[in-house]
Amino acid sequence: MHKDQPLIFELSKPGRIGYSLPELDVPAIDVAQVIPNDYIRQEAADLPEVSELDIMRHYTALSKRNHGVDSGFYPLGSCTMKYNPKINENVARFAGFAHIHPLQPEETVQGALELMYDLQEHLKEITGMDAVTLQPAAGAHGEWTGLMMIRAYHEANGDYNRTKVIVPDTAHGTNPASATVAGFETVTVKSTEEGLVDLDDLRRVVGPDTAALMLTNPNTLGLFEENILEMAEIVHAAGGKLYYDGANLNAVLSKARPGDMGFDVVHLNLHKTFTGPHGGGGPGSGPVGVKAELIPFLPKPTVEKGENGYYFDYDRPQAIGRVKPFYGNFGINVRAYTYIRSMGPDGLKAVTEYAVLNANYMMRRLAEYYDLPYNRHCKHEFVLSGKRQKKLGVRTLDIAKRLLDFGYHPPTIYFPLIVEECMMIEPTETESKETLDAFVDAMIQIAKEAEETPEIVQEAPHTTVVKRLDETTAARKPILRYQK
Amino acid sequence: MLHRYLPMTEEDKQQMLQTIGVQSIDELFADIPESVRFQGEYNIKRAKSEPELMKELMALAAKNVDIKTHPSFLGAGVYDHYIPTIVDHVISRSEFYTAYTPYQPEISQGELQAIFEYQTMICELTGMDVANSSMYDGGTALAEAALLSAAHTKKKKVLLSSAVHPEYREVVKTYAKGSGLEVVEIPYENGVTNIRVLQEEMDEDVACVIVQYPNFFGQIEPLKDIEPIAHAHKGMFVVASNPLALGILTPPGQFGADIVVGDAQVFGIPTQFGGPHCGYFAVKSALMRKIPGRLVGQTTDEEGRRGFVLTLQAREQHIRRDKATSNICSNQALNALAASVAMTALGKRGVKEMATMNIQKAHYAKEAFVNAGFHVVFSGPFFNEFVVRLSKPVAEVNKKLLEKGIIGGYDLGRDYAELQHCMLIAVTELRTKEEIDMLVKELGDYHA
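Protein sequence lines, in the order shown, are assigned to chains P and X. Using UniProt numbering, you'd call the opening residue of the first sequence number 1 and step up by one each time. Using UniProt numbering, you'd call the opening residue of the second sequence number 1 and step up by one each time.
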């Protein structure tokens, strides 16, 4: 029997405090003397009243009800849940990085600017692009930034009729959503039975109204789009631009660069490939790289290196503007930089090789027990289908929930949308063979349970602090805050 | 290669290759056409060992002047506040910081409950009904508020006060371009939004009126007078607000705001060169099903036990795809947790006390400037920032201050042509009387 953890508000008791503020060392004035009465809060915000130990115990209890990469294997497809190095956390907390104000004079933040500049240089080489901005706060923010630049590029050419962005049916949901927010209409291009973009369909949808094709390569099925150069040719011939969604970059470090594949714009997820931790959903960082002809449209300011040190360049008349106050999620960029410098060129190459080796190994071991819709070498992730188990009354959701009992975070499920009962598995390179084998063994056991004792799977999880939650009622009668 | 993050041994590798049925790892990359295959290794810096890298980066950090060793009077949207020590201890628990978005609620109850508590605290401070689980920062949250207003009212015009943070305004304009919105800036008068002009610009096409409270100059906008104008033609009333100030100021929700956004950096989040901070987004319940970003809701499990889930996901990009009105996916969850811990530590009493202290110290500083013969530019009520006119360019003055070990205020001339030589000075609870007196003294030669 698991004990519930009360809400912090339920632990509150008037008369307790958890803070320590300095004594007021200036004459105390009555706020009513300087603030008009209508603007003075009459009723205090009802925040908790708890001691420091109460707080620490509360959050420690909550943390025990949470699974992170440090708790156990996390093969969540397309999310690249690799180990988050601890040196990154220490470096990001150095006073010279954590406690600098974004509006300080440039001469007082040369170390920060140098780090940003050098990170940009590293990312240029890694992506094969000509310039990089670190301003976008996350992957989706980077997508939108890149599309706004593509839009500005077309408009600068007097080309106002490019209203459509093409995305494959396997694309991440953010791709079409970013296109919409950037003012484009989305057109979907189909995949072939082999799981790659259908070139005939691409030729059919591409045209003088095409602004860009957004592509993840390898795609979300974990397959490398072998015809990438031909696709680039088709899109470029029509006057469109090629956008690279870097969510899956972990699959191709030192193997293929977006810039060499014909891409004009690329965003990276530093919180995936480059170990900025996921933080329970953020903060991330989504730098964008571009080819030379798009440089004028980069958001401002850019970080430049001059004779007298590093500086921000605001004099950029064609820039799309600012996409974020200040200069991006600097703290995450520090972590990514620390990681890249910890790995070096040979290390990054090994990252991809092991990520791909691990995924193929798991795929082969599991192929006997689950349907493998695309039977070829995968890259850093692969998809299985729970079709066979579904016929036995066990759904992919049940399999995912049963994995919780073994102490694993399940794979991404029901995505990509084109695979029935989909499970998308990404092991990453930081896991040992023992961990991979243990997970595969658990998956095999679940496949057997589906045949012999399906109710064990259908009723899972059995060991977690709560059982399956009623999401329907949560959405129908939303309770989104605590009320006394 | 041997690396502390890469556990595969040569033996493991051989066994795995055998299971896969290939001779070498290279074979697994055979699907990458030769013509796009990258040869060799990246031309980037070689790896450094842990102690060497630590040493190098410590030296790099030391090239920066930090605000913990130099008293800082810079604010302008990012503030040097007391961060309870406990905050970093909580967010350093790796069950939180190494987790993904809580899509599997049974093993994410900790994160989900913490965010549910955060949403509650934001509602309490802003006086709103619903808060989401966070946005990137105050600026993008404000831009999304404009988009939400436009989508909800089906109108395209945004009236944006020029007393809103200049960088927030730039972000709103960038987003507006993408969505085809027209942004009209409303000038300020004596440091607050010019109500007469606002009234003149107000018409049936206005999706929303946006003001900041306290505004960029630290002044307290008269929300009571602005609200009826904003609502005169069924537009939305959007307020960007410093949540610490709301510890003492009447919350925007009580003045009838429809959307309140801002940055929770003031609660437990270091300045860190401008990010990551933590945008918050709060709405009246009528907008609940249109709010961008993730929402945590309370529910029960099969046995009737209380639990938490991500809810109303039908609004979001992974379900709605091109029909979504926002593309946000990753947010600032860990910083929302930090803000939550800080708000909890400060609590009901501490938030009010800290906010009050900001008012008291800033007013002491303002009086000291007045007494020293300085011209304080705006005369209205303010929170923890005010504007002083100097005889010399602010950048030049700040150089002198730096020689004395002080980080001076913000140069308003960068954004407002009429405010050349004007310095925006922020005084938080962390500035001592001694530091304030020193600032006034060092600026002594720069009376306007």
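Cβ atoms here follow ideal geometry from the backbone N, Cα and C, with glycine treated the same way.
DSSP three-state label for residue i, please.
i, result
"X/ASN43", "coil"
"P/VAL165", "strand"
"X/GLU34", "helix"
"P/ASP159", "coil"
"residue 461 of chain X", "This structure cannot settle anything about residue 461 of chain X, because the visible part of chain X is limited to 1 through 448."
"P/MET423", "strand"
"residue 496 of chain P", "Past the edges of chain P, shown from 1 to 484, lies residue 496 of chain P, and the structure says nothing about it."
"X/ARG212", "The residue you asked about is not Arg; residue 212 of chain X is Gln in the sequence shown. Of the three classes helix, strand and coil, the one that applies to X/GLN212 here is strand, per DSSP."
"P/PHE97", "helix"
"P/LEU103", "coil"
"P/VAL383", "strand"
"P/ILE444", "helix"
"X/VAL394", "helix"
"X/SER94", "helix"
"P/SER78", "coil"
"P/TYR153", "helix"
"P/TYR361", "helix"
"P/SER56", "One detail in the question is off: residue 56 of chain P reads as Met in this sequence, not Ser. Three-state DSSP puts P/MET56 in a helix."
Near residue i, what residues of its chain come up, given a Cβ to Cβ distance below 8 Å and the 5 sequence neighbours on each side ignored?
i, result
"X/ILE407", "VAL65, ILE67, HIS70, PRO71, SER72, PHE73, LEU74, ASN398, LEU401"
"X/ALA163", "TYR188, GLY191, VAL192, THR193, VAL211, GLN212, ASN215, PHE216, PHE217, GLN219, GLU221"
"residue 485 of chain P", "Residue 485 of chain P is absent from the structure shown; chain P starts at 1 and stops at 484."
"X/GLY180", "LYS156"
"P/PHE415", "GLY77, SER78, THR220, CYS422, MET424"
"P/GLU233", "GLY262"
Compute the Euclidean distance between the alpha carbons of residue i and residue j, then round it to the nearest angstrom.
i, j, result
"X/PRO51", "P/PRO345", "19 Å"
"X/TYR79", "X/GLU124", "22 Å"
"P/LEU196", "P/ALA350", "26 Å"
"X/PRO84", "X/ALA342", "6 Å"
"X/THR344", "X/PRO270", "17 Å"
"P/VAL167", "P/ASN250", "21 Å"
"X/TYR168", "P/ILE399", "46 Å"
"P/ARG365", "X/ILE44", "36 Å"
"P/ALA367", "P/LEU221", "15 Å"
"X/PHE369", "X/ALA426", "13 Å"
"X/LEU310", "X/PRO105", "8 Å"
"P/PRO36", "P/ASP30", "12 Å"
"X/SER241", "P/GLN389", "52 Å"
"P/MET343", "P/PHE274", "10 Å"
"P/VAL334", "X/SER108", "27 Å"
"P/LYS433", "X/GLN39", "28 Å"
"X/GLN298", "X/GLY256", "27 Å"
"X/GLN113", "P/LEU62", "8 Å"
"P/PHE312", "X/ALA395", "15 Å"
"P/TRP144", "X/ALA151", "18 Å"
"X/ARG349", "X/SER340", "15 Å"
Here's a check: name, in chain order, each residue in its chain whose Cβ is nearer than 7 Å to the Cβ of residue i, leaving out the five neighbours to either side.
i, result
"P/PRO427", "PRO75, ASN358, ALA359, MET362, LEU436"
"X/LYS352", "GLY247, ILE248"
Contact check, residue i vs residue j under 8 Å by CB: the rounded distance?
i, j, result
"X/VAL387", "P/PRO325", "With 8 Å as the limit, X/VAL387 and P/PRO325 do not qualify as a contact, their Cβ atoms being about 20 Å apart."
"P/GLY96", "P/GLY111", "6 Å"
"P/SER12", "P/VAL50", "6 Å"
"X/GLU111", "X/ALA99", "6 Å"
"P/PRO410", "P/MET424", "Contact flag wrong, Cβ pair sits at about 10 Å."
"X/TYR42", "P/GLU125", "5 Å"
"X/ASP225", "P/LYS467", "X/ASP225 to P/LYS467, Cβ: 53 Å. No contact."
"P/GLY279", "X/ALA333", "5 Å"
"P/ARG395", "P/GLU420", "Between P/GLU420 and P/ARG395 the Cβ distance is about 11 Å, and since that is not below 8 Å, they are no contact."
"X/ARG321", "P/ALA474", "Going by Cβ atoms, the distance from X/ARG321 to P/ALA474 rounds to 22 Å, so no, they are not a contact pair."
Within the same chain, show all residues whose beta-carbon is closer than 6 Å to that of residue i, passing over the 5 residues directly before and after it, in chain order.
i, result
"X/ASP137", "ASP263, HIS277, GLY279"
"P/ASN248", "THR216, PRO218"
"X/VAL183", "VAL158, LEU160, LYS173, ALA176"
"X/LYS392", "TYR446"
Assess, as a yes-or-no matter, whether the region 80-94 of chain P is touched by the region 254-265 of chain P under the definition of 3 or more beta carbon pairs within less than 8 Å. Counting Cβ pairs under 8 Å, fewer than three are found: no touch.
Segment contact flag, the region 144-160 of chain P with the region 229-245 of chain P, C-beta cutoff 8 Å, min 3 pairs: Verdict: yes, contact present.
Assess, as a yes-or-no matter, whether the region 315-324 of chain P is touched by the region 160-178 of chain P under the definition of 3 or more beta carbon pairs within less than 8 Å. In short, these stretches do not touch, since the Cβ pair count stays below three.
Using Cβ-Cβ distances below 7 Å, what residues of the region 254-288 of chain X are close to chain A? Of the chains in the structure shown, none is chain A; the protein chains are P and X.
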